[in-house]
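Contents: one structure, followed by commentary.
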Amino acid sequence: MKINWFKYAAPTAFYPLAGRLVPVLAVAAAALVLFALYWGFFETPERLGGTNPQKEYYRIIFIHVPAAWMSMWLYLVLAAWSAVGLVFNTRLSFMMTNAVAPTGAIFTFLALWTGAFWGRPSWGTYWDWDPRLTSELILFFLYIGFMALHSAIDDSRRADRAAALLAIVGLVMLPIIYWSINCPDPNNCAALHQRSSLTDIESNILTAMLVMTLGFWLYSFAAAFARLRNIILLREQDSAWVRTMVDAAGAGGPANAGGGDALDANRRGVSA
Amino acid sequence: MLEVDNLSCRRGDRTLFTALSFMLPASTLLHVRGRNGSGKTTLLRALCGLLRPDAGAIRWRGEPISELADDYNREILYFGHLNGIKADLTGQENLRVAATLDQDPLTDGAITDALAQIGLAGFEDLPTRMLSQGQKKRVALARLILSKAPLWILDEPFTALDTDAVALLERLIAGHVADGGAAVLTTHQEVSLTRGEIRRLELGAIGC
Amino acid sequence: MLSVFLCVLNRDLTLALRRRTDVLTTLLFFVIVVSLFPLGVGSERELLRLLGPGVVWVAALLASMLALERLFAADYDDGTLEQLLLAGQPLSLLVLAKIVAHWLLTGLPLVIIAPLMAMQYALEATAIWVMMAALALGTPVLSLLGAIGAALTLGLRGGGILLSLLILPLYIPVLVYGAGAVSVSVIEIADTQPYFALLGAFLLGGLVLAPPAAAAALRISME
Numbered sequence: 000m001k002i003n004w005f006k007y008a009a010p011t012a013f014y015p016l017a018g019r020l021v022p023v024l025a026v027a028a029a030a031l032v033l034f035a036l037y038w039g040f041f042e043t044p045e046r047l048g049g050t051n052p053q054k055e056y057y058r059i060i061f062i063h064v065p066a067a068w069m070s071m072w073l074y075l076v077l078a079a080w081s082a083v084g085l086v087f088n089t090r091l092s093f094m095m096t097n098a099v100a101p102t103g104a105i106f107t108f109l110a111l112w113t114g115a116f117w118g119r120p121s122w123g124t125y126w127d128w129d130p131r132l133t134s135e136l137i138l139f140f141l142y143i144g145f146m147a148l149h150s151a152i153d154d155s156r157r158a159d160r161a162a163a164l165l166a167i168v169g170l171v172m173l174p175i176i177y178w179s180i181n182c183p184d185p186n187n188c189a190a191l192h193q194r195s196s197l198t199d200i201e202s203n204i205l206t207a208m209l210v211m212t213l214g215f216w217l218y219s220f221a222a223a224f225a226r227l228r229n230i231i232l233l234r235e236q237d238s239a240w241v242r243t244m245v246d247a248a249g250a251g252g253p254a255n256a257g258g259g260d261a262l263d264a265n266r267r268g269v270s271a
Numbered sequence: 000m001l002e003v004d005n006l007s008c009r010r011g012d013r014t015l016f017t018a019l020s021f022m023l024p025a026s027t028l029l030h031v032r033g034r035n036g037s038g039k040t041t042l043l044r045a046l047c048g049l050l051r052p053d054a055g056a057i058r059w060r061g062e063p064i065s066e067l068a069d070d071y072n073r074e075i076l077y078f079g080h081l082n083g084i085k086a087d088l089t090g091q092e093n094l095r096v097a098a099t100l101d102q103d104p105l106t107d108g109a110i111t112d113a114l115a116q117i118g119l120a121g122f123e124d125l126p127t128r129m130l131s132q133g134q135k136k137r138v139a140l141a142r143l144i145l146s147k148a149p150l151w152i153l154d155e156p157f158t159a160l161d162t163d164a165v166a167l168l169e170r171l172i173a174g175h176v177a178d179g180g181a182a183v184l185t186t187h188q189e190v191s192l193t194r195g196e197i198r199r200l201e202l203g204a205i206g207c
Numbered sequence: 000m001l002s003v004f005l006c007v008l009n010r011d012l013t014l015a016l017r018r019r020t021d022v023l024t025t026l027l028f029f030v031i032v033v034s035l036f037p038l039g040v041g042s043e044r045e046l047l048r049l050l051g052p053g054v055v056w057v058a059a060l061l062a063s064m065l066a067l068e069r070l071f072a073a074d075y076d077d078g079t080l081e082q083l084l085l086a087g088q089p090l091s092l093l094v095l096a097k098i099v100a101h102w103l104l105t106g107l108p109l110v111i112i113a114p115l116m117a118m119q120y121a122l123e124a125t126a127i128w129v130m131m132a133a134l135a136l137g138t139p140v141l142s143l144l145g146a147i148g149a150a151l152t153l154g155l156r157g158g159g160i161l162l163s164l165l166i167l168p169l170y171i172p173v174l175v176y177g178a179g180a181v182s183v184s185v186i187e188i189a190d191t192q193p194y195f196a197l198l199g200a201f202l203l204g205g206l207v208l209a210p211p212a213a214a215a216a217l218r219i220s221m222e
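Listed in order, the protein sequences are those of chains A, B and G.
Quick note: the first sequence uses numbering that gives the first Met the number 0, first residue 0, plus one each step.
Quick note: the second sequence uses numbering that gives the first Met the number 0, first residue 0, plus one each step.
Quick note: the third sequence uses numbering that gives the first Met the number 0, first residue 0, plus one each step.
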């Protein structure tokens, strides 16, 4: 079977598709998150690690690590859609970047916040200039910068393209920034901090963590699509299909019909 | 020379014009008119390639201007709402910079002549911030005298000019068109040519 | 090509020389910021020697940031930027010329005055030389990266603050290795070599990648 993927590259076609997907994704995400929480709290050992064990508080890992993974993955998604938008000049890609950015920023913040709470019992401090913490903070700044630049520009097309370029510059710089924070002394770079090794982790902990990641991932889709539908409506308010939809909705109640009229009046104002 | 095919432009959420098509052959002046906000400046900026239209194509000698890029830019002279001259440089220096950017080897004499022709003899060595609004505009218009670009795109060139300067500018445009050049012009006043053809385009009248 | 590059460079330098205060304010800002730190943290020589490299670098970052706002803004306001875009010359080249002029006017003075600042922080002669060399390699990178941000925030209300928000995180690598080189030189001068190699690499990478990115940003902003 051959699917015409480009069909859904048009906002017109994507809007109803996203509408059908959002509830499905949201329910699936909630189910996975609940399962992961249950597994993480009741089916995992009480301590983590051998020589220097962490007690119950290690369970914050089930939020912290998936959130940190998602924060990085979503920045990659953001930059990829930005590049697609700049190269192919597709409206939907830019809308996608705008829909993804807040979710990415939320996960980054969540990772920082849970990291601080985990740091307090295990390191004895809320904040440490640990390379990973610092890079996560910088990632947060990049997300904020993307959204700030976008909202500072009135013209939506310039805003889209400028923010997209910034996202790509950020992507190019991120490895360099990460590396410079990780290795501030190039003479002595080896083994600055413990390596994360998924294979050493107890299998139940790993299960809960991975299921939570999947849950977060589905949540990101649901949140991004829901946001995307709003952005599409806002950007396409002049177009015929949005007007038809608003008019159809307007038949149900007077308040909505008023909205349709206002849109109509706006439309006439443009063509007059 | 210039061909516009099914062009449409939006500014923010407002559609300014759609399905705009016209041809601009050599020795022709296109006079664009329309009320304020009808998209005259937007059209001119799109013709320069400064602004990417939402739909449609602009072709120069048969090739899309987006592909010609810098090659197309060398063929045009754009005169916008802003004069495009530095207030801290003298008229002479401003024109020298413009000529170098066009890679046009001009003698200082040619620049002085151009400034004299536009009525600024004796002001060549003053920083342009010492000049009046109209005189600044004249410095910018001196580029028209020096330019060899076949396409002139002029956005409201007559504002802030006195009657002498208006007459001079009309002569310059007429001369350019008579020499086989093309020009696109927005202005609210009537223009006439001694030779060549004038086409008129009314923006805002065509529905969107 | 070269004549166009030199023309823009010459133009920007001439303009700056006719408005000297703009150049001097950046320099004075740098001097004042550096001089304020000892008043805040105390004037113990050992403490200052430790803080010196970082303070001078952070001040250099802020000073270069402050000056960046003007990189394209004046040309944008009077319409000459439009003319540069329509000049039919490679925009990256014109942008590079403007960046070079900008560095000569705001970066180079910092390099020259750095020894004076370093003396305030009781740094040794070798550390001072290392600091000058590191600033000479690092500040052009700041101008190159900053040009992208300046082009993106062109003509926006509150553009200056936004510019710092966008660009300061990107300055981190230069800050880390620039200040690191000076700190390390106090212990062992030979160890500074990899720092300079990295700063040099950033400069080369910036020279290649930043002008096209800034040019693309300008085209987006001028629409």
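For glycine and all other residues, C-beta sits at the position ideal for the given N, C-alpha and C.
Quick one: Cα of residue i to Cα of residue j, how far?
i: Asn229/A; j: Met211/A; result: 27 Å
i: Arg58/B; j: Asp4/B; result: 8 Å
i: His192/A; j: Tyr177/A; result: Because the pLDDT at His192/A is just 49, under 50, the model does not fix this residue reliably, and the point stays unresolved.
i: Ser2/G; j: Leu8/G; result: 10 Å
i: Leu165/G; j: Ala158/A; result: 14 Å
i: Arg226/A; j: Ala100/A; result: 10 Å
i: Trp128/G; j: Pro114/G; result: 8 Å
i: Leu26/G; j: Ala62/G; result: 7 Å
i: Val171/A; j: Asp161/B; result: 54 Å
i: Ser179/A; j: Phe108/A; result: 22 Å
i: Leu197/G; j: Gly145/G; result: 19 Å
i: Tyr170/G; j: Phe21/B; result: 49 Å
i: Leu85/A; j: Arg160/A; result: 7 Å
i: Tyr37/A; j: Ala29/A; result: 12 Å
Among the options, which residue has its Cα nearest to the Cα of residue i?
i: Leu184/B; options: Pro156/B, His175/B, Ile64/B; result: Pro156/B
i: Leu23/G; options: Thr105/G, Leu144/G, Ala133/G; result: Thr105/G
i: Trp56/G; options: Ala214/G, Phe201/G, Arg218/G, Ser182/G; result: Ser182/G
i: Ser121/A; options: Tyr142/A, Leu109/A, Ile60/A; result: Ile60/A
i: Ile282/A; options: Asn203/A, Ala151/A, Ile137/A; result: Residue 282/A is absent from the model: chain A starts at 0 and stops at 271.
i: Ser142/G; options: Gly154/G, Val94/G, Arg10/G; result: Val94/G
i: Gly79/B; options: Thr40/B, Asn93/B, Thr99/B; result: Thr40/B
i: Met18/A; options: Ala222/A, Arg234/A, Asp246/A, Ala247/A; result: A small fix is needed here, since residue 18/A is Gly in this sequence, not Met. Of the listed residues, the one whose Cα sits closest to Gly18/A is Ala222/A.
i: Phe13/A; options: Ser155/A, Val32/A, Met94/A; result: Met94/A
i: Asp124/B; options: Arg142/B, Ile152/B, Asp87/B, Gln132/B; result: Asp87/B
i: Arg100/B; options: Leu208/G, Met130/G, Arg18/G, Met0/G; result: Here the sequence assigns Leu to residue 100/B, which means Arg is not the residue at that position. Closest option to Leu100/B, Cα to Cα, is Met0/G.
i: Thr111/B; options: Lys136/B, Ile144/B, Gln132/B; result: Ile144/B
i: Glu74/B; options: Leu15/B, Leu81/B, Gln116/B, Ser146/B; result: Ser146/B
i: Tyr77/B; options: Gly51/G, Leu85/G, Leu80/G; result: Leu85/G
i: Arg17/G; options: Thr127/B, Arg13/B, Val31/B; result: Thr127/B
In chain A, which residues lie with their C-beta within 9 Å of the C-beta of residue i?
i: Glu222/G; result: Asp154, Arg156, Arg157, Arg160
i: Ala212/G; result: Leu164, Ile167, Val168, Val171
Against residue i, what residues of chain B qualify as contacts under a CB-to-CB distance less than 9 Å, listed in chain order?
i: Asp237/A; result: Arg9, Asp12, Arg13, Thr14
Tell me which same chain residues have a C-beta within less than 8 Å of the C-beta of residue i, skipping the five on either side of it?
i: Gly195/B; result: Ser26, Thr27, Leu28, Ala173, Val176, Ala177
i: Ala8/A; result: Thr89, Leu91
i: Ala164/B; result: Ile117, Gly118, Gly133, Lys136, Arg137, Leu140
i: Gly38/B; result: Cys8, Arg10, Leu15, Phe16, Leu202, Gly203
If the cut is a Cβ gap below 9 Å, which residues of chain G does residue i touch?
i: Ala151/A; result: Thr152, Leu155, Arg156, Gly157, Gly158, Leu161
Please report the Cβ distance between residue i and residue j, rounded to the nearest whole angstrom; I am assuming they are in contact, meaning their Cβ atoms lie under 8 Å.
i: Thr113/A; j: Ile167/A; result: In fact, because the Cβ distance is near 29 Å, the residues do not count as touching under 8 Å.
i: Thr96/A; j: Ala163/A; result: 6 Å
i: Thr275/A; j: Glu235/A; result: A question about residue 275/A goes unanswered here, because the residues of chain A that appear run from 0 up to 271.
Looking only at its own chain, which residues have a Cβ that is under 6 Å from the Cβ of residue i, when we skip the five neighbours before and after it?
i: Tyr75/G; result: Leu153, Gly154
i: Ala58/G; result: Phe29, Val32, Val33
i: Ala117/G; result: Ile127, Met130
i: Leu153/B; result: Phe78, Leu184
Going along chain G, which residues have a C-beta under 7 Å from residue i?
i: Val183/B; result: Result: empty, since nearest Cβ-Cβ is about 14 Å, beyond 7 Å.
Whose Cβ in chain E lies nearer than 7 Å to the Cβ of residue i?
i: Val176/B; result: No chain E is present in this structure, whose protein chains are A, B and G.
Name, please, each residue of chain G whose Cβ falls closer than 8 Å to the Cβ of residue i.
i: Thr99/B; result: Ser2, Val3, Cys6
i: Asp184/A; result: Gly179, Val183
Ordered along the chain, which non-local residues of its own chain (more than five positions away) have a Cβ less than 7 Å from that of residue i?
i: Gly158/G; result: Glu68, Thr152
i: Thr125/G; result: Ser184, Ile188
For a contact meaning CB atoms closer than 7 Å, what does residue i contact in chain A?
i: Ile190/G; result: It should be noted that the sequence gives Asp, not Ile, for residue 190/G. Asn186, listed in chain order.
Taking C-beta pairs closer than 8 Å, name the residues in chain A that residue i reaches, listed in chain order.
i: Tyr194/G; result: Pro185
i: Val175/G; result: Ser179, Ile180, Pro183
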